[in-house]
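All residue numbers for the sequence shown refer to the numbering used here, where the first residue is 11 and numbers rise by one.
The beta carbon of each residue, even a glycine, is placed where N, CA and C say it ideally should be.
All values reported here derive from a predicted model rather than from experimental measurement.
In what follows, a single structure is set out as structure tokens and then discussed.
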Amino acid sequence: MSTVARAPGRVNLIGDHTDYTGGLVLPMAIDRDTAIAFTPSSDVLLTSRNFDGEVRINLPVADAAGVRPAWGRYVAGVAAAMDERHMPTRGFTGTVSTTVPIGGGLSSSAALEVAAALAFGIDTDVATIAAVCRRAEHIATNVPCGIMDQLTSAAGVKDHALLIDCHTLDITPIRIPEGVSVWVVEVSSRTLDGSEYPARVAQCTAAEHEIGPLRSADLASVDTIKDPVIRARARHVVSENERVRQFAAALVSGDTREAGIIMLEGHRSLSHDFQTSTTTMDDAVDHISRIPGVHGVRMTGGGFGGCVVILADDDVRFAEGSTPVGCAPAMRVRAADGASIATPLS
Ligand code: GLA
């Protein structure tokens, strides 16, 4: 009888490009997940219901980034990250399947990493699991991501978004108010591998060299940054942290209209100051924001393509043509619990 390790994808409601400077984020785990059904063995032999090929990894793993097919890098990256921390790993033989859209900005890679960590037998708290899986992503792809995706996948709470302080890793679950739901629209498929994501991380580091940690900076100190591009990047991060606080307060008080206004402001900041949006994403946000019943919409996640996230009345209808040509239809997502592992009763 196989054991099944599961981990959800995530969508971020607000707080993008803040995690890697220890800022605030407000994502939720979603009811789309990646499952690895396996039996223990000495090394790893994994097939996928979604992709061709077979991944073979000999433990301890030697070259995680070189594992092929490419989806196997994430699994190997987890083994390598666990090795670095001297955590024991067991091998497994199994099959992976996912209902998280791949490469759509809903953290399909984080879901695979967290499910793999559970299959490798990781046995620790959610913050450490997330740190190991974040490191796995760095090893596998060289993208210097923050901790939001992996922590959300590990720590999700049904019906709640998670207010996360990425410096302390404190998590405050915030209930999604009655009467509204969350939708995502995949605008374009993309990967952060080879994107300008590392350049954005470097620009934030440059800003911090000038004015200190962005998580505790204010807009007056941001204005003293000499380079206009670095100044704009820092302005996004500092204002986005404030928007996360305001958005969380709006959700708690049930003021979804105010929450929606904050989402649109967040989108403008990502588009103008952080420049991680695309014309198609801006058009999608513009179109969708005019639909009756929609409170707010913004791009979500790393950007340069991917998804927009929508907060709208439960009964809103997204008719055909409500998004620009080429976008996927709106998909409703519900806030879900984080990763788990279970052996079915025989
Ligand atoms: C990607 C990264 C996260 C985060 C977001 C932007 O999803 O993996 O760590 O930086 O982009 O908020």
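Closest to residue i by CA distance: which of the options is it?
i      : options                           : result
Met309 : Phe284, Glu330 and Val88          : Phe284
Asp324 : Glu330, Val318, Cys317 and Val304 : Val304
Phe130 : Arg42, Arg245, Asp43 and Tyr84    : Tyr84
Gly313 : Ile24, Arg300 and Thr13           : Ile24
Gly189 : Ala120, Leu261 and Asp53          : Leu261
Arg370 : Glu275, Val232, Gly82 and Arg267  : Within the shown structure, residues of the chain are numbered from 11 to 356, placing residue 370 beyond reach of any answer.
Val167 : Thr182, Asp73 and Tyr207          : Thr182
Gly311 : Gly63, Ser332, Ser117 and Trp193  : Ser117
Ala90  : Glu147, Asp228 and Ser119         : Glu147
Asp9   : Thr178, His297 and Thr151         : Here the chain has residues from 11 to 356 only, and residue 9 is not among them.
Thr138 : Ala269, Ile221, Ala294 and Thr178 : Thr178
Val88  : Asp237, Ile132, Ala269 and Arg225 : Ile132
Ser52  : Asp293, Phe102 and Glu250         : Phe102
Arg255 : Ala244, Arg243 and Glu268         : Glu268
Arg144 : Pro98, Glu94, Leu229 and Asp233   : Glu94
Pro98  : Gly104, Val142, Leu224 and Thr108 : Val142
Gly315 : Thr108, Gly63 and Gly115          : Gly115
Under three-state DSSP, which class holds residue i?
i      : result
Glu94  : helix
Asn152 : coil
Met38  : strand
Arg185 : strand
Asn251 : helix
Ile157 : coil
Val194 : strand
His277 : helix
Arg225 : helix
Arg245 : helix
Cys337 : coil
Leu261 : helix
Pro238 : helix
Ile112 : coil
Thr57  : strand
Gly303 : coil
Asp323 : strand
Asp175 : strand
Arg144 : helix
Arg20  : strand
Ala45  : strand
Ile351 : strand
Gly104 : strand
Thr288 : coil
Ala72  : coil
For residue i, does the count of other Cβ atoms within 10 angstroms reach 16, so buried, or fall short, so exposed?
i      : result
Pro50  : exposed
Met92  : buried
Thr201 : buried
Pro354 : exposed
His282 : exposed
Leu161 : buried
Phe291 : The sequence shown places Met at residue 291, rather than the Phe named in the question. Label assigned to Met291: buried.
Gly156 : buried
His277 : buried
Pro70  : exposed
Glu2   : This structure leaves residue 2 out entirely; the chain is present only between 11 and 356.
Asp159 : buried
Met11  : exposed
Asp43  : buried
Pro18  : buried
Ser119 : buried
Thr100 : Correcting the residue identity first, residue 100 is Arg in this sequence and not Thr. Exposed, because fewer than 16 other Cβ atoms sit within 10 Å of the Cβ of Arg100.
Asp29  : buried
Ala340 : buried
Which whole-angstrom value is the C-beta distance of residue i and residue j, which I expect to be below 8 Å?
i      : j      : result
Gly76  : Cys176 : Not a contact, Cβ separation roughly 30 Å.
Arg210 : His27  : 6 Å
Pro334 : Glu196 : Incorrect: roughly 12 Å between the Cβ atoms, too far for contact.
Ala80  : Ile67  : Wrong, their Cβ atoms sit about 13 Å apart, outside the cutoff.
Ala345 : Asp169 : 5 Å
Leu280 : Thr288 : No, Leu280 and Thr288 are not in contact; Cβ-Cβ is about 11 Å, not under 8 Å.
Ser332 : Ile298 : 6 Å
Measure the CB-CB distance between residue i and residue j and report whether it falls below 8 Å.
i      : j      : result
Ala171 : Met38  : yes
Met273 : Val307 : yes
Ser350 : Arg16  : yes
Ile235 : Gln213 : no
Ile186 : Ala126 : no
Val21  : Leu56  : no
Val343 : Asp41  : yes
Trp3   : Ile271 : Outside the displayed span of the chain (11 to 356) sits residue 3, for which this structure offers no information.
Val136 : Gly348 : yes
Ala259 : Val14  : no
Pro208 : Val153 : yes
Gly113 : Ser205 : no
Ile149 : Ala72  : no
Ala121 : Thr134 : no
Closer than 7 Å: is that where the CB of residue i sits relative to any heavy atom of ligand 3?
i      : result
Met158 : For ligand 3, the structure offers nothing, since it holds only ligand 1.
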